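For the sequence shown, position 11 matches number 11 in UniProt numbering, and the numbering has no gaps at all.
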Amino acid sequence: MNLPSAFIRIFLWLVMGIVPALATAEIFPNPPESAIRLFYIQRSSNSNVVIYDANLTASKTLNAKSPVHTYWIRYAEKGQQEELSSIQKTLAYGLYTNKINSELEPSYEGYFLAYRKRKFVVKLDPKGVPIALFPINGRLQVLKRVFVSVDESKFMPSVNYIELFGKDPVSGKDVYERFKP
């Protein structure tokens with residue numbers, strides 16, 4: 001292989017790797033930062049994002065009746081914020097939470113109504129920042145983002161795989177897991 005053809009192959013390889021990443025960033029926008037953001041879910045089916053924010057009281061504690069506020073950012077429409085419908089709350093993106101009485105600081109155990117196999121904890125960290133501790137690779141990690149690859153080719157949509165992105169609460173290092181539910 002001569003030098004020009006090797007250069008062209010390397011260039012094409014780089015471009016082919018970069019272009020899909022750029023396209024993905026445009027298709028799946030990241031929501032704006034928020035001091036109360038726990039995590040968000042992106043889905044392969046469209047650019048709309050499901051947001052999970054801490055629901056804080058005036059005294060900056062988690063709301064005991066409803067510690068998490070879940071809603072849409074409808075990027076595929078006008079980028080507006082919109083509440084979940086009743087069906088979305090009960091079948092797809094809603095959460096069940098229950099206060100953990102053994103903790104000194106108010107914290108809540110919960111799970112997704114659509115996927116009950118992994119329980120998580122919502123609480124304030126020592127600095128008063130709301131976090132969701134979720135099992136990633138078998139350890140409770142600070143969940144930041146979820147990506148769900150959806151197969152909509154059949155009558156009922158199904159999940160191809162789920163990707164979890166988070167941070168180790170001790171080291172601060174990024175953590176990642178991909179699994180098929």
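For glycine and all other residues, C-beta sits at the position ideal for the given N, C-alpha and C.
Computed from a predicted structure; not experimentally measured.
Quick check: what's the CA-CA separation for residue i versus residue j?
i           : j           : result
residue 57  : residue 63  : 6 Å
residue 268 : residue 48  : The first residue shown for the chain is 1 and the last is 181, placing residue 268 beyond what the model contains.
residue 134 : residue 119 : 7 Å
residue 217 : residue 155 : Not covered by the structure: residue 217. The range shown for the chain is 1 to 181.
residue 148 : residue 128 : 29 Å
residue 169 : residue 131 : 10 Å
Can you tell me which of the options puts its alpha carbon nearest to the alpha carbon of residue i?
i           : options            : result
residue 108 : 121, 114, 117, 115 : 121
residue 143 : 172, 126, 117, 105 : 172
residue 160 : 169, 167, 150      : 150
residue 145 : 126, 127, 96, 177  : 177
residue 30  : 90, 65, 73         : 73
residue 165 : 136, 114, 75       : 136
residue 93  : 35, 168, 39        : 39
residue 33  : 42, 138, 51        : 51
Since I believe residue j is in contact with residue i (beta carbons under 8 Å), could you give me their beta-carbon distance rounded to a whole number of angstroms?
i           : j           : result
residue 152 : residue 85  : 18 Å between Cβ atoms; not a contact.
residue 106 : residue 61  : 6 Å
residue 90  : residue 110 : 15 Å between Cβ atoms; not a contact.
Practice task
Write down every uninterrupted run of the alpha helix (DSSP H) in the UniProt domain "DUF4833" (39-178) whose length is 4 residues or greater and which is fully enclosed by it, in chain order.
Solution key: Runs found: none.
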